[in-house]
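Q: My questions all concern the structure below.
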Amino acid sequence: MPSSAWDAWATAWPAVTLDYGFTVAVWNRSKAKAEDLIARGARWATSPEDAAIDADAVVTMVADDEASRTVWLTKDGAAATMKAGTLAIECSTVSYKHALEMAQVLRERGIVYIDSPVTGLPDAAAAGKLTLLVGADPADLERAQPYLAPLSSTIRRFGAVGTGTVYKLINNLMGAIQIAGIAEGLAIAEQAGLDMKLVLEAVETGVAASPQVIRHSRRMVARNFSGATFTAALRHKDAAYAVELAESLLAGAPLLGRAAVEAYAKARAHAPDDDEGKMIEIVSRPK
Numbered sequence: 062m063p064s065s066a067w068d069a070w071a072t073a074w075p076a077v078t079l080d081y082g083f084t085v086a087v088w089n090r091s092k093a094k095a096e097d098l099i100a101r102g103a104r105w106a107t108s109p110e111d112a113a114i115d116a117d118a119v120v121t122m123v124a125d126d127e128a129s130r131t132v133w134l135t136k137d138g139a140a141a142t143m144k145a146g147t148l149a150i151e152c153s154t155v156s157y158k159h160a161l162e163m164a165q166v167l168r169e170r171g172i173v174y175i176d177s178p179v180t181g182l183p184d185a186a187a188a189g190k191l192t193l194l195v196g197a198d199p200a201d202l203e204r205a206q207p208y209l210a211p212l213s214s215t216i217r218r219f220g221a222v223g224t225g226t227v228y229k230l231i232n233n234l235m236g237a238i239q240i241a242g243i244a245e246g247l248a249i250a251e252q253a254g255l256d257m258k259l260v261l262e263a264v265e266t267g268v269a270a271s272p273q274v275i276r277h278s279r280r281m282v283a284r285n286f287s288g289a290t291f292t293a294a295l296r297h298k299d300a301a302y303a304v305e306l307a308e309s310l311l312a313g314a315p316l317l318g319r320a321a322v323e324a325y326a327k328a329r330a331h332a333p334d335d336d337e338g339k340m341i342e343i344v345s346r347p348k
């Protein structure tokens, strides 16, 4: 797992679920990252398969389609030992196609798949205040409520399986466009010699302001990227999944989405595991 921010999301569910009194088994590629959870009472599992034995619900938070497929479907994947009727809750951000494929494969094994990607900063993850974007049948979501409640009281069901993933990809694509846009705008202001303190004040109080813009603008100008909130590699992956979906639905689109993917490909090459705000370092070079 590439960053401290990602670790916060990935450990949020087992941490707060322990606080709710659930019995929790955890698995991570690095046992060291689970030591705090083990110390709090979680059982360390030697594989996803081991973690899923006799579980009523299995929750995953991994990086991409490949990691999701590995953690669910390989010979020592979670699905190998999950009993019929078990809830498979995918909190990862995966592609829409992958979510549908996973739902079908697991349904054939009698397992109930729910896509529930999350939004929110690491602090919100640690506090159990993420927003969950869910795709599920209403009855399945009702069954999953006790396992989702530790993460958040804000659960938005968008429809059938896959629709939570659709909205998460839309959300992260819009974020990619905004962050790339503010990096470019600030770089223009810097090279034109504007008073950046005044620029920041104008940006934060003007019509172009958004939570994404406000959060990143000061960090970009100060070149302060400590406390990473989201990496360039993860944003690039999400934007690419979103563009793939858009190309299947919209004629002649997505122009801005493709530009964002291209911009984040450069950011990923520059510093893949650092905060995505480092986009400013790429676009700020003078001509």
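Sequence positions in the sequence shown follow the working numbering and run 62 to 348. The C-beta atom is built at its ideal place from N, Cα and C for all residues, glycine as well. No experiment lies behind these values; they were computed from the predicted model shown.
So, under 8 Å CB-CB, Gly-223 and Gly-196 are touching, yes? Tell me the CB distance rounded to an integer number of Å.
A: Locating residue 223 in the sequence shown gives position 162, where the first residue counts as 1. Locating residue 196 in the sequence shown gives position 135, where the first residue counts as 1. Rounded, the Cβ-Cβ distance is 5 Å, consistent with contact.
Q: Using only the alpha-carbon positions, how far apart do Phe-35 and Pro-333 sit?
A: Residue 35 lies beyond the range of the chain shown here (62 to 348); nothing can be said about it.
Q: Can Tyr-174 and Ala-149 be called in contact, C-beta distance under 8 Å?
A: The residue labelled residue 174 in the question sits at position 113 within the sequence shown. The residue labelled residue 149 in the question sits at position 88 within the sequence shown. The criterion of a C-beta distance shorter than 8 Å is satisfied by Tyr-174 and Ala-149.
Q: Evaluate Pro-199 with the Cβ neighbour count: other Cβ atoms within 10 Å of its Cβ, from every protein chain shown; 16 or more gives buried, anything less gives exposed.
A: Counting from one through the sequence shown, the residue named residue 199 turns up at place 138. Under this definition Pro-199 is an exposed residue.
Q: On the three-state DSSP scale, how would you describe Thr-266?
A: By 1-based counting over the sequence shown, the position of residue 266 is 205. DSSP places Thr-266 in helix when its eight states are reduced to three.
Q: Rank Asp-176, Leu-194, Gly-138 and Ala-210 by C-alpha distance to the C-alpha of Ala-73 and give the top, closest one.
A: Locating residue 73 in the sequence shown gives position 12, counting from the first residue. Looking at the Cα atoms, Ala-210 is the closest of the given residues.
Q: What is the rounded straight-line gap between the Cα of His-159 and the Cα of Lys-327?
A: Numbered from 1 along the sequence shown, position 98 holds the residue referred to as residue 159. Numbered from 1 along the sequence shown, position 266 holds the residue referred to as residue 327. Between His-159 and Lys-327, the C-alpha separation is close to 25 Å.
Q: Let me confirm a value: Pro-75 is counted as buried when at least 16 other C-beta atoms fall within 10 Å, else exposed. Which label applies?
A: In the sequence shown, counting from the first residue as 1, residue 75 sits at position 14. Burial call: buried.
Q: Excluding the 5 residues flanking Ser-271 on each side, which residues of the same chain have their C-beta closer than 8 Å to its C-beta?
A: Numbered from 1 along the sequence shown, position 210 holds the residue referred to as residue 271. Closer than 8 Å at Cβ, skipping near neighbours: Gln-239.
Q: Tyr-157 by DSSP, collapsed to three states: which one?
A: Looking up residue 157 in the sequence shown gives position 96. Helix.
Q: Kindly identify the DSSP beta-bridge partner or partners of Asp-336.
A: Against the sequence shown, residue 336 aligns to sequence position 275. Its beta-bridge partners are Thr-292.
Q: Quick one: measure Cβ to Cβ for Leu-212 and Leu-193, integer angstroms, because I've assumed they're closer than 8 Å.
A: Translated into positions along the sequence shown, residue 212 becomes position 151. Translated into positions along the sequence shown, residue 193 becomes position 132. Right, their Cβ atoms sit about 6 Å apart.
Q: How close, in whole Å, do the beta carbons of Ile-275 and Glu-265 come, if the pair is a contact with beta carbons under 8 Å?
A: Counted from its first residue, the sequence shown places residue 275 at position 214. Counted from its first residue, the sequence shown places residue 265 at position 204. Their Cβ separation, rounded to whole angstroms, is 5 Å, which keeps Ile-275 and Glu-265 in contact under 8 Å.
Q: Is it right to say Arg-90 is buried, meaning 16 or more other beta carbons lie within 10 angstroms of its own, or is it exposed?
A: The count along the sequence shown starts at 1 and reaches residue 90 at position 29. Of the residues assessed, Arg-90 falls on the exposed side of the cut-off, its CB having fewer than 16 other CB atoms within 10 angstroms.
Q: So is Pro-347 buried or exposed if we call it buried at 16+ other beta carbons inside 10 Å?
A: Looking up residue 347 in the sequence shown gives position 286. Counting Cβ neighbours within 10 Å, Pro-347 comes out exposed, since fewer than 16 surround it.
Q: Helix or strand or just coil, what does DSSP make of Ala-307?
A: As a position in the sequence shown, residue 307 is number 246, starting the count at 1. Ala-307 falls in the helix class under three-state DSSP.
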